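Down below is the structure, laid out as structure tokens.
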Ligand code: FES
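Numbering (the working numbering), first residue to last: 23 to 209.
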């Protein structure tokens, strides 16, 4: 029986024999594809012709726009694409523009943030080149990636969680966990 079918059966059985089966939630958490980015993960392209290939700092245009990446477990090569909440916006900005803790979480001007809006969870951002800001087209929330992705417009209740990164052997590597809960107010 597949994991999914076992999970459905467990849900249907409720508190009966289902209690004897391994908890699905625990099984899904243990799946590295669903785990949030871990220290040491590489960032790889989430889509496009380079999907699955490492994002190299020099390939990111200075001053944006961002690319969408996914974390990849270094040891196994598993891309953590089991959850859309693992999507990451990564971009290269002028290091002199970075503010406060953003500098500490960055490397060579490269910054990374959750690609899921903190308002209602949309995950398709536009880049406003004139303001160097990330704009969510769903309800026009706007975030400043040079200053911790703080909200500079629209209804989003909080900034985009940052993802600390470092550069190792020319690759962008996760240096710590997201700085806050990823996702919108309803997920
Ligand atoms: S979901 Fe992004 S502004 Fe509403």
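All C-beta atoms, glycine included, are put in the ideal place defined by N, C-alpha and C. Bear in mind the structure is a predicted one, so any value in this text is a computation, not a measurement.
Residue i Cβ short of 7 Å to ligand 1 heavy atom set
i	result
residue 280	Lying before the first or after the last residue shown, residue 280 is absent from the chain, which here runs from 23 to 209.
residue 202	no
residue 166	no
residue 205	no
residue 146	no
residue 163	yes
residue 175	no
residue 128	no
Bridge-paired residues (DSSP) for residue i
i	result
residue 131	None, per the DSSP bridge assignment.
residue 165	156, 173
residue 136	110
residue 89	112
residue 188	195
residue 68	In DSSP, residue 68 forms no bridge with anything.
Alpha-carbon spacing of residue i relative to residue j, whole angstroms
i	j	result
residue 180	residue 99	33 Å
residue 172	residue 150	15 Å
residue 25	residue 107	For residue 25, the predicted structure reports a pLDDT of 42, less than 50, and the residue's modelled location is therefore unreliable. A value from the coordinates is still provided. For residue 25 and residue 107, the distance between alpha carbons rounds to 21 Å.
residue 103	residue 148	21 Å
residue 194	residue 161	31 Å
residue 71	residue 189	23 Å
residue 122	residue 170	8 Å
Beta-carbon proximity check, residue i vs residue j, cutoff 8 Å
i	j	result
residue 178	residue 163	yes
residue 128	residue 200	no
residue 143	residue 113	no
residue 6	residue 93	The chain is shown from 23 up to 209; residue 6 falls before or after that span and cannot be answered.
residue 168	residue 115	yes
residue 84	residue 134	no
residue 68	residue 91	yes
residue 158	residue 131	no
residue 138	residue 206	yes
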